[in-house]
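Peer 1:
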Amino acid sequence: MLETLRERLLSVQQDLTAGLKTLGDKSRDAKKSRQRTVQCLPEFSAGLELLSRYEDAWAALHKGAKDCAKAGELVDSEVVMLSAHWEKKRSSLVELQDQLQQIPGFLADLECLTASLAQLEANFEEMENHLLCLEELCEQCELERYKCMQTLQLENYKKTKRKELETFKAELDAEHAQKVLDMEHTQQMKLKERQKTDWKYVFHGGERGHAGADGPNGHV
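Residues in the sequence shown are numbered consecutively from 2, following the working numbering.
#1: Any idea if residue 106 is buried or exposed, counting beta-carbon neighbours within 10 angstroms, 16 or more meaning buried?
#2: By the 10 Å Cβ neighbour count, where 16 or more other Cβ atoms means buried, how is residue 65 classified, buried or exposed?
#3: Would you kindly work out how many angstroms separate the C-alpha atoms of residue 141 and residue 135, rounded to a whole number?
Below, the structure written as structure tokens:
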């Protein structure tokens, strides 16, 4: 609509310019004709007065046409500015319309995103439950590992004590065997001493027997 108005104003301005040009040409022709008339017919003063009025009217009309042309130019500039303004507004409206047309898709994406967030929240809860179960399993594994370590330490302690007991028993057996050997040796020594003493006694006793037999009674 603004473009049509602008075209009409330009057409009016062109028509005014053409009319002014035509009037100017006619005025020049009238001046030439008046000069010839004055030269030829100096008695027609009434015609000159009418021509003067016509020139004054034409001058006023010419001035009005110029004013209209200036006003037309001003209106044209205003129309150009208004056209640019409304073109900018139209671009903004087109952009807004495009954005409004994108709202349904945006809402659909938002619903999809909301559903994804809900699913993600459910997955987080499930993952949290799995982590709790894993933590419990880790605690159980730690407890079992501790039990295994304690059992291993106990077995090692038993083995160590068993070895110490075997060593102590071996030492006791060796000490007992040594004591038995010492006792046997002592018994043998005592037996040898006793046998030696007995032999001495037997030997010396026999000599005393012979001495008694040779005595006054002839026997002990």
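From the three backbone atoms N, C-alpha and C, an ideal C-beta is built for every residue, glycine too.
Peer 2: On the basis of the coordinates in this document:
#1: The sequence position of residue 106 within the sequence shown is 105, counting from 1. Only exposed fits residue 106, as fewer than 16 other CB atoms lie within 10 angstroms of its CB.
#2: Position 64 of the sequence shown, counted from the first residue, corresponds to residue 65. With fewer than 16 other Cβ atoms inside 10 Å of its own Cβ, residue 65 counts as exposed.
#3: Along the sequence shown, one-based indexing puts residue 141 at 140. Along the sequence shown, one-based indexing puts residue 135 at 134. About 10 Å.
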